[in-house]
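Student:
There are 2 protein chains.
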Amino acid sequence: MAETATRTGGDDKRPRPSQERRKEIFEAAARIFAEKGYAATSIQDVADAVGILKGSLYYYIDSKEDLLFGVIQQAHEGGLANLEQLDKIEGDALVKLRYAIEAHLLSNIKNIVKIGVFFQDFRSLSGERHDYIVKERDLYDQRLRELIREGQEQGVITRDIDPKIASLGILGMLNWVYQWYTPEGPATPEELASTFADLILGGLAVDEGRPAKRRDIGKLPEGVPLPARQDPV
Amino acid sequence: MAETATRTGGDDKRPRPSQERRKEIFEAAARIFAEKGYAATSIQDVADAVGILKGSLYYYIDSKEDLLFGVIQQAHEGGLANLEQLDKIEGDALVKLRYAIEAHLLSNIKNIVKIGVFFQDFRSLSGERHDYIVKERDLYDQRLRELIREGQEQGVITRDIDPKIASLGILGMLNWVYQWYTPEGPATPEELASTFADLILGGLAVDEGRPAKRRDIGKLPEGVPLPARQDPV
DNA sequence: GTCTATACTACGATAGAC
DNA sequence: GTCTATCGTAGTATAGAC
Chain H
1 MAETATRTGG DDKRPRPSQE RRKEIFEAAA RIFAEKGYAA TSIQDVADAV GILKGSLYYY
61 IDSKEDLLFG VIQQAHEGGL ANLEQLDKIE GDALVKLRYA IEAHLLSNIK NIVKIGVFFQ
121 DFRSLSGERH DYIVKERDLY DQRLRELIRE GQEQGVITRD IDPKIASLGI LGMLNWVYQW
181 YTPEGPATPE ELASTFADLI LGGLAVDEGR PAKRRDIGKL PEGVPLPARQ DPV
Chain S
234 MAETATRTGG DDKRPRPSQE RRKEIFEAAA RIFAEKGYAA TSIQDVADAV GILKGSLYYY
294 IDSKEDLLFG VIQQAHEGGL ANLEQLDKIE GDALVKLRYA IEAHLLSNIK NIVKIGVFFQ
354 DFRSLSGERH DYIVKERDLY DQRLRELIRE GQEQGVITRD IDPKIASLGI LGMLNWVYQW
414 YTPEGPATPE ELASTFADLI LGGLAVDEGR PAKRRDIGKL PEGVPLPARQ DPV
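Residue numbers (the working numbering), protein chains in the order written: chain H, 1 to 233; chain S, 234 to 466.
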C-alpha cells in the first residue's frame, strides 16, 4: 500500500511513466497478435514495435503468454460491461434482446483488435487461464439463452425455435465481425448493429399476423439432396 | 502417363499405398492444426501422429505450408459443391436461400475439422495462396448477397434489410459453428440447419400480416446508452 | 528501465545411406 | 519410402552491467 517514489501525489490520476510504457507494450502486442496470430508473433516483433530490445520486455512480463492473457482479459472486460447494463433496461424480453445485440456488436467493433486476438488465440492460453476464459464466455451464452426463454414465457418470442440453438446462432453473427469488419466498410457500426438486431428480432418475434410456421418459409421441394454427415477426415 | 510398378491394373480404384499414406498425413495434419493451430504445430507433431520420422515427411511435401494449403483446399472444395447445387434448385429466392443455409451448415459440420483449420489459419498462407483463398471466399458471399437481392425483387424478402449486411450476418452464424460444435451436443446437424434457416428466413421473409417495421420490434426506450466507438488500443 | 551478452532449446529443411 | 545425421536459424528466457 506504500506510495512508490515516482508517485507525485495522492489524487494524481495520470499514470506513472512505467504504466504508460506497460500500456504501450500491450497495445502493440494486441495489434501484432491480431495481424499475424499469437504463435507466429515473436517477442522480438513486439520489442521492435515499441522500440526497445527484446530482453527489456521481461522487465514488464514474465513470459510471452502474459502478453496474450493481458490482451484477452481487456477484450473480455469490454463485454462484461454490457451484461451489467442489460439488467438495468426497462422493457420486455424483445427490448432487452435488442439492447444485448446492439451493445454486443458495438462493443465488439469498438474493441475489434483485442476481440480478434481473443477469438483467434485464446486456445493458446495454458490450463488455468484457458479454463477461466472459457467459463466466462459460457456465462455470456447462458444469459442470452435465458433472455430468449423469458421472451417465450412472456409470449413475445416464438416457441418454434430452440433458445440454445438461437443463442449460438446470434453469437456467431455478432462475433464473426472480427473476420470482416474494417472502418472503411460501407456501413457504420450503428447501422450494422441495427440491421443485425432487425434480422434477429424479425426472426424471433411472435407475430399474430404471420400465417405460416417458420419451418414452412421457403420449404424445400421433396427430394432435394442435402450434404450427408460425417467428416471424411 | 506410364503406369508405376506398384499399380496392379488399369481399372483398379484402390489408391496406391503411397496415396494412402499421403491421405493419412494430411488428415493427421488437419486434426493437429485444428487442435493447436498451424503455427503452434511442428512437423514433428505430424510425423509422430503417423508414426514416421520428421525428415521422412519431406518425401511427401516440400514445406510445412504445403500441409496447411492441402487441408484448406479440401475444406474449400466441400463448400463449392453447394454453390453448384444451388443453381439446380427450383423455386423462389426463399427456397433457394433455405437450401443455401441448410447445405452450408451441414457441409461445415461434415467437414468440421478442416473448416476449423480454414477459418483459424488461412491467414498463415503466403502471398498467392492466401489471395486465392480469399477470392474464393468472397465469391460465396457475393452469391448469397445476390440471392437476397433477388428475393427483394421478387417481393418475398423485406427491403428493410441491406443484403450486404444480411449476408455477412448469415455467414457469421453459419461459419461460427466450428467454434462450438461437437457431435456430443444436444442437437443433430439437421436440427441445427433447420433452426438456423427458420431464424434467418423468419427475419427476412416479407409477411403481409406483420404490423410493424422490423426496426420497431423491441424498440429501445429513449436515452439508453450504447457503447461508443473507437478501439482504445 | 534499458542495455549487452548469452544459455538453451526447438524448429524447418536437406543429404545421403539403406 | 523411411532412416540417420546434421546444418542453420530463430525462438524464449535469463544474468548482470549501466
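The beta-carbon is built from N, C-alpha and C at its ideal position, and this holds for glycine as well.
Helix, strand or coil, according to DSSP, for isoleucine 112(H) in the structure here?
Tutor: Helix.
Student: How long is the line joining the alpha carbons of isoleucine 170(H) and glutamine 74(H), rounded to whole angstroms?
Tutor: The alpha-carbon atoms of isoleucine 170(H) and glutamine 74(H) are separated by roughly 23 Å.
Student: In terms of alpha-carbon separation, which member of Pro419(S), Glu323(S), Val346(S), Glu361(S) lies closest to glutamate 222(H)?
Tutor: Measuring from the Cα of glutamate 222(H), the nearest candidate turns out to be Glu323(S).
Student: Below 8 Å, how does it come out for the stretch 278 to 294 of chain S and the stretch 251 to 270 of chain S: are there three or more Cβ pairs, yes or no?
Tutor: Counting Cβ pairs under 8 Å, three or more are found: they touch.
Student: Whose C-alpha, out of Tyr365(S), Gly349(S), Ala333(S), Lys347(S), is nearest the C-alpha of leucine 434(S)?
Tutor: Out of Tyr365(S), Gly349(S), Ala333(S), Lys347(S), Ala333(S) has the C-alpha closest to the C-alpha of leucine 434(S).
Student: Contact check, isoleucine 161(H) vs leucine 220(H) under 8 Å by CB: the rounded distance?
Tutor: Contact doesn't hold; Cβ gap of about 18 Å is too wide.
Student: Going along the chain, which residues of its own chain have a beta-carbon closer than 8 Å to the beta-carbon of glutamine 44(H), five neighbours each way excluded?
Tutor: Same-chain partners within the cutoff: Lys54.
Student: On the CB-based measure, 16 or more other CB atoms within 10 Å of its CB, does lysine 343(S) come out buried or exposed?
Tutor: Classification of lysine 343(S): buried, given that the 10 Å Cβ count is 16 or more.
Student: Would you report the Cα separation of glycine 405(S) and lysine 368(S), rounded to the nearest angstrom?
Tutor: Glycine 405(S) and lysine 368(S): Cα-Cα distance of roughly 17 Å.
Student: Give the residues of chain H in contact with tyrosine 332(S), contact being defined as C-beta atoms less than 9 Å apart.
Tutor: Within chain H, the residues near tyrosine 332(S) are Gly218, Leu220, Val224, Leu226.
Student: Checking the sheet assignment: what are the DSSP bridge partners for alanine 438(S)?
Tutor: The partner list for alanine 438(S) (beta bridge, DSSP) reads Ile390(S).
Student: Would leucine 338(S) and phenylalanine 429(S) be called neighbours here (beta carbons separated by less than 8 Å)?
Tutor: Taking 8 Å as the Cβ cut-off, leucine 338(S) and phenylalanine 429(S) qualify as a contacting pair.
Student: Beta-carbon within less than 7 Å of arginine 145(H)'s beta-carbon, same chain only, minus the 5 sequence neighbours each way: which residues are those?
Tutor: Closer than 7 Å at Cβ, skipping near neighbours: Pro163, Lys164, Ser167.
Student: With a threshold of 8 Å between beta-carbons, can isoleucine 505(S) be considered close to chain H, or not?
Tutor: Residue 505(S) lies beyond the stretch modelled for chain S, which goes from 234 to 466, so this question has no answer here.
Student: Any C-beta of chain S sitting closer than 8 Å to the C-beta of alanine 47(H)?
Tutor: By this cut-off, alanine 47(H) is not an interface position.
Student: How many Å lie between glutamate 310(S) and tyrosine 293(S) at the Cα?
Tutor: The alpha-carbon atoms of glutamate 310(S) and tyrosine 293(S) are separated by roughly 21 Å.
Student: Find the nearest neighbour of glutamate 317(S) within the set Ser427(S), Leu372(S), Tyr291(S), judged by alpha-carbon distance.
Tutor: For glutamate 317(S), the nearest C-alpha among the options comes from Leu372(S).
Student: For a test of the three-state rule: what should DSSP assign to tyrosine 292(S), helix, strand or coil?
Tutor: Tyrosine 292(S): coil per DSSP, three-state reduction.
Student: Closest by CA to isoleucine 72(H), which one among Ala193(H), Ile112(H), Phe122(H)?
Tutor: With distances taken between Cα atoms, isoleucine 72(H) lies closest to Phe122(H).
Student: Where does lysine 96(H) land, buried or exposed, given buried means 16+ other C-beta within 10 angstroms?
Tutor: With 16 or more Cβ atoms within 10 Å of its Cβ, lysine 96(H) is classed as buried.
Student: Between glycine 349(S) and tyrosine 411(S), what straight-line distance do the alpha-carbon atoms span, to the nearest angstrom?
Tutor: Approximately 5 Å between the Cα atoms of the pair.
Student: In three-state terms, what does DSSP make of serine 107(H)?
Tutor: Here serine 107(H) sits in helix by DSSP.
Student: Over what stretch of residues does the alpha helix (DSSP H) that includes isoleucine 450(S) continue unbroken?
Tutor: It is not in any alpha helix (DSSP H) - isoleucine 450(S) carries neither H nor E in the DSSP assignment.
Student: Do you know offhand how far glutamate 441(S)'s Cα is from arginine 447(S)'s?
Tutor: Approximately 13 Å, taken between the alpha carbons.
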